[in-house]
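Student: Numbering-wise (the working numbering), the sequence shown opens with residue 466 and increments by one.
Below are the structure tokens for one structure; questions will follow.
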Amino acid sequence: MSDTSAPTNFIRQFIDEDIESGKHTEIITRFPPEPNGYLHIGHAKSIWLNFGVARDYKGLCTLRFDDTNPVKEDIEFVEAIEKDVSWLGYQWSQVAHASDYFDQLYDFAVELIGKNLAFVDSLPAEEIREYRGTLTEPGKNSPDRDRPVEESLDLFSRMRAGEFKDGELVLRAKIDMASSNINLRDPIIYRIRHHDHQRTGNKWCIYPMYDFTHGLSDAIERVTHSLCTLEFEDHRPLYDWFIENITTPSVPRQIEFSRLNLNYTVMSKRLLTQLVDNQLVNGWDDPRMPTISGLRRRGYTPASINNFIAQVGITKKANVIDMLVLENAVREDLDPIAPRAMAVLNPLKVVIENYPEGKTELIEVSNHPKDESLGKRTISLSRELYIDQDDFMEEPPAKYFRLSPGKRVRLRNAFVIQCHSVEKDADGNPVCLHCEYLPDTRNGKKPAEGKVKGIIHWVNADDAIDAEVRLYDRLFKVENPLEDKSANFIDFLNDTSLVVLKDCKLEASLADTTSDQRFQFERVGYFHPDLDSTSQTPVFNRVVTLRDSWANLIK
Ligand code: ATP
Ligand code: MG
């Protein structure tokens, strides 16, 4: 498992207190996604916290699918969520589903009715909303609030039996319509939905609401610390009310922390679903998506994501983290472990006129400048090479240290060349550089006339591999695509977030790379084979650039 050695945080302090006071001997947490989409990097924060706490306290963490909404959920999402959690390096003690508890939850609801703490309400939905009041005005009691217990019990069992239509009746908790906390104004706890459920089939036509289900599922699983995001802070009194008023197997404690927000993206399954459904991205695992599957496909490592979350930390302060922090995390993870290689993304042919035709020399080079344990490889060199178009300028500005007519540059791992003429196409674009090499400049030896400042990468034209390379940029062109409430966030998509280069040339050693390998292509960034990659047509994703170029660009 990757290094996620957790710095302490306020939640761990609460847990420490609960252990010291003897309140708990075993810590149990849960990660409770709704299977209505793929996980995003925000979920990684909750995963890191819940599974990390369980691991470090030698406790348990359940992966619990919160599947109380039969309409939106799908088995595809369940499988994707399991895959993502495992890939991040975590093991659940069990997989559970809120739907596993439907029978128990039904009995809990009956217990509440029996205690005259819940009633069946026939008020139509709009009126329930009107009666609820506002933040400044108290609500009004429903006319059905005083329905006799026996009658509510009877109606509730008939709701279950399917005697009523969707929306005709609901079951509500009887708490306080004048409470300053709207969540306590007789919240709905069961509604009728004649819809098959992916796990329980047609067994149920009434489904429990989130607030009721969540805390009681925690109690059934004997969760000790129910860690959730800040928007549930106002729901905590309701969470506690259900636990206090129902005979539950345990008393869990809810603790809230702030959500992870990142700039230049959106982080909600509801919004990400729109991008996928409208084909504005290439699926949930599009490498530009902030999803775990997108980051994985792009080439992020589990360690980079876990380290990023550890760096952001767990607090109650709501804030927005700069995408640069995430990118730095993957750079820091890959720099010491990624073997180096040479790849030319926009090839420009170079012919070394004084290099013998038909000759090939082999050069042994280190895979990593600082880590010999990554070994060596052999690269080849002959008369025709490719360099990147960006490394040549016909009329260079001052202090341009790459190649231009009459000027010299060092070929990385080889020798110095000098350009003496440029061949161009009909449009005046360079297509081939005619150069000479300086034979005495191998192994970094400087030419008699003085040191050459520029060093560029290259590949041998004879055995270079043709490949496609995909470069990614921010998914949105503004920091907060949701800021402008009058606009649709989709209008802020960055239409140059994907650049596909189809004629790239890679050094021969990059043939047959496997899907879990990552490389630093010298001077261009970190790369990872895409899922579309085949041995006939290799496809590489740029995970991240070598340095952060974005900050400079937007100034
Ligand atoms: P979404 O709006 O993306 O659907 P959600 O909160 O509804 O998010 P759930 O599937 O219910 O998603 O989330 C499972 C758990 O992950 C919850 O405990 C939730 O609080 C947590 N979570 C979701 N988004 C974030 C985030 N951005 N940062 C931290 N935790 C998050
Ligand atoms: Mg949700």
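The beta-carbon is built from N, C-alpha and C at its ideal position, and this holds for glycine as well.
Looking only at DSSP bridge pairs, what is T756 linked to?
Tutor: Counting from 1 along the sequence shown, the entry for residue 756 is found at position 291. According to DSSP, which records beta bridges pairwise, T756 is partnered with H505.
Student: Whole angstroms is fine: what's the gap from Y991's alpha carbon to N1006's?
Tutor: Locating residue 991 in the sequence shown gives position 526, where the first residue counts as 1. Locating residue 1006 in the sequence shown gives position 541, where the first residue counts as 1. Each residue's Cα considered, the two are about 8 Å apart.
Student: Taking the beta strand (DSSP E) that E933 falls in, what are its first and last residues?
Tutor: What you label residue 933 is simply residue 468 of the sequence shown in a count that begins at 1. Counting along the chain, the beta strand (DSSP E) containing E933 begins and ends at 930–937.
Student: Kindly provide the ranges of any beta strand (DSSP E) runs that are 3 or more residues long and lie completely inside the stretch 543–606, ordered along the chain.
Tutor: If we require 3 residues or more, the beta strand (DSSP E) runs fully inside the stretch 543–606 come out as 559–562, 583–586.
Student: Using the beta-carbon count (16 or more within 10 Å), is S1000 buried or exposed?
Tutor: As a working note, residue 1000 is residue 535 in the sequence shown. So S1000 ends up on the exposed side.
Student: Under the rule that 16 or more other beta-carbon atoms within 10 Å means buried, what is I844, buried or exposed?
Tutor: Counting from one through the sequence shown, the residue named residue 844 turns up at place 379. It counts as buried.
Student: When you compare the CB positions of S690 and T494, do they come within less than 8 Å of one another, or not?
Tutor: Position 225 of the sequence shown holds residue 690. Position 29 of the sequence shown holds residue 494. Correcting the residue identity first, residue 690 is His in this sequence and not Ser. Against a cut-off of 8 Å, the Cβ pair of T494 and H690 comes out as a contact.
Student: On the criterion of 16 or more Cβ atoms from any shown chain inside 10 Å, does D531 qualify as buried, or is it exposed?
Tutor: Taking the first residue of the sequence shown as 1, we reach residue 531 at position 66. Flag for D531 reads buried.
Student: Give the secondary structure of S467 by DSSP, where H, G and I count as helix, E and B as strand, and everything else as coil.
Tutor: Here residue 467 corresponds to residue number 2 of the sequence shown, with the count starting at 1. Legend: pLDDT at S467 = 35, less than 50; position of this residue unreliable, no value from coordinates given.
Student: So, helix, strand or coil for R664, using DSSP?
Tutor: Counting from 1 along the sequence shown, the entry for residue 664 is found at position 199. If DSSP states are grouped into helix, strand and coil, R664 belongs with coil.
Student: Go to N1006, then tell me how far its beta strand (DSSP E) extends in each direction, as first and last residue.
Tutor: Reading the sequence shown from its first residue, position 541 is the one you call residue 1006. That run of the beta strand (DSSP E) goes 1004–1009.
Student: Terminal residues of the continuous alpha helix (DSSP H) containing A768?
Tutor: Walking along the sequence shown from the start, residue 768 turns up at place 303. Run containing A768: 767–777, per the alpha helix (DSSP H) assignment.
Student: Identify, in the order they occur along the chain, each residue of the same chain with its Cβ nearer than 6 Å to the Cβ of S617, setting aside the five sequence neighbours on each side.
Tutor: By 1-based counting over the sequence shown, the position of residue 617 is 152. Hits under 6 Å: I578, F584, V585.
Student: Could you check where the alpha helix (DSSP H) with D683 kicks off and where it finishes?
Tutor: Your numbering for residue 683 matches position 218 in the sequence shown. D683 -> alpha helix (DSSP H) spans 675–685.
Student: Can you grab the Cα-Cα spacing for the pair A913 / I920, in whole Å?
Tutor: By 1-based counting over the sequence shown, the position of residue 913 is 448. By 1-based counting over the sequence shown, the position of residue 920 is 455. Computed Cα separation, rounded: 17 Å.
Student: Mind checking whether the beta-carbon of M781 lies closer than 7 Å to any heavy atom of the ligand ATP?
Tutor: Mapped onto the sequence shown, residue 781 falls at position 316. The sequence given here places Lys at residue 781; Met does not occur at that position. Result no, Cβ not under 7 Å from the ligand ATP.
Student: Determine the DSSP secondary structure at F992, reduced to helix, strand or coil.
Tutor: In the sequence shown, the residue the question calls residue 992 occupies position 527. Strand, per DSSP.
Student: How would you label H562, buried or exposed, when you count the other beta carbons within 10 angstroms and need 16 or more for buried?
Tutor: Here the question's residue 562 lines up with position 97 in the sequence shown. With 16 or more other Cβ atoms within 10 Å, it is buried.
Student: Compute the distance between the beta-carbons of P895 and E859, then report whether it is under 8 Å.
Tutor: Working through the sequence shown from its first residue, we reach residue 895 at position 430. Working through the sequence shown from its first residue, we reach residue 859 at position 394. Cβ distance < 8 Å, so P895 and E859 count as in contact.
Student: Looking only at its own chain, which residues have a Cβ that is under 6 Å from the Cβ of R656, when we skip the five neighbours before and after it?
Tutor: Taking the first residue of the sequence shown as position 1, residue 656 is located at position 191. Contacts found: V635.
Student: Taking 7 Å as the limit between beta carbons, can you name the residues of its chain near S622, skipping five residues before and five after?
Tutor: Residue numbering aside, residue 622 sits at position 157 when the sequence shown is read from its first letter. No residues qualify anywhere along the chain.
Student: What is the rounded straight-line gap between the Cα of Y704 and the Cα of N646?
Tutor: For the purposes of this step, residue 704 is taken as residue 239 along the sequence shown, with counting starting at 1. For the purposes of this step, residue 646 is taken as residue 181 along the sequence shown, with counting starting at 1. Rounded to whole angstroms, Y704 to N646 spans 13 Å at the Cα level.
Student: Using only the alpha-carbon positions, how far apart do R664 and Y503 sit?
Tutor: Here residue 664 is taken as the residue at index 199 of the sequence shown, counted from 1. Here residue 503 is taken as the residue at index 38 of the sequence shown, counted from 1. Distance between the alpha carbons of R664 and Y503 is about 19 Å.
Student: At 3 residues or longer, and completely inside the stretch 625–671: list those beta strand (DSSP E) runs for me, N to C.
Tutor: Within the stretch 625–671, the complete beta strand (DSSP E) runs of at least 3 residues are 635–638, 653–657.
Student: Alpha carbon to alpha carbon, how far is L727 from A952? Give it in angstroms, no decimals.
Tutor: Reading the sequence shown from its first residue, position 487 is the one you call residue 952. Reading the sequence shown from its first residue, position 262 is the one you call residue 727. Looking at the two C-alpha atoms, the distance is approximately 20 Å.
Student: Helix, strand or coil for I1019? Go by DSSP, reduced to three states.
Tutor: By 1-based counting over the sequence shown, the position of residue 1019 is 554. Note that I1019 has pLDDT 40, beneath the 50 cutoff, so the model's placement of it is unreliable and the number below is only indicative. Here I1019 sits in coil by DSSP.
Student: Output the distance between the C-alpha atoms of Q719 and G524, rounded to the nearest integer angstrom.
Tutor: Residue numbering aside, residue 719 sits at position 254 when the sequence shown is read from its first letter. Residue numbering aside, residue 524 sits at position 59 when the sequence shown is read from its first letter. So the alpha carbons of these two residues sit roughly 17 Å apart.
Student: Since F954 contacts L736 with CB under 8 Å, what's their CB separation in whole angstroms?
Tutor: Position 489 of the sequence shown, counted from the first residue, corresponds to residue 954. Position 271 of the sequence shown, counted from the first residue, corresponds to residue 736. That belief holds up - the Cβ atoms of F954 and L736 are roughly 6 Å apart, short of 8 Å.
Student: List the endpoints of the continuous beta strand (DSSP E) containing Y851.
Tutor: The count along the sequence shown starts at 1 and reaches residue 851 at position 386. Where Y851 is concerned, the enclosing beta strand (DSSP E) stretches over 849–853.
Student: Sorted by chain position, which residues of the same chain lie with C-beta nearer than 7 Å to S962's C-beta, five sequence neighbours on each side aside?
Tutor: Translated into the one-based positions of the sequence shown, residue 962 becomes position 497. Within the same chain, S962 has close Cβ partners R753, Y937, D938, R939, L940.
Student: Runs of 3 residues minimum, wholly inside the stretch 878–937: which ones carry the beta strand (DSSP E) assignment?
Tutor: With a minimum length of 3 residues, the continuous beta strand (DSSP E) runs that stay inside the stretch 878–937 are 881–889, 895–903, 930–937.
Student: Cutting at 8 Å between CB atoms, please list the residues of its own chain near K889, excluding the five before and the five after it.
Tutor: Within the sequence shown, residue 889 is the residue found at index 424, counting from 1. Hits under 8 Å: P895, V896.
Student: Taking the straight line between their C-alpha atoms, what separation do you get for A973 and Y555?
Tutor: Looking up residue 973 in the sequence shown gives position 508. Looking up residue 555 in the sequence shown gives position 90. Near 37 Å, if we compare the C-alpha coordinates of Y555 and A973.
Student: With Q739 as the anchor, note down where its alpha helix (DSSP H) starts and where it stops.
Tutor: Locating residue 739 in the sequence shown gives position 274, counting from the first residue. Here the alpha helix (DSSP H) through Q739 covers 734–742.
Student: In the DSSP assignment, the alpha helix (DSSP H) including Q478 goes from what residue to what residue?
Tutor: For the purposes of this step, residue 478 is taken as residue 13 along the sequence shown, with counting starting at 1. Run containing Q478: 475–485, per the alpha helix (DSSP H) assignment.
Student: CA-CA distance, N819 and T766?
Tutor: For the purposes of this step, residue 819 is taken as residue 354 along the sequence shown, with counting starting at 1. For the purposes of this step, residue 766 is taken as residue 301 along the sequence shown, with counting starting at 1. Each residue's alpha carbon lies about 45 Å from the other.
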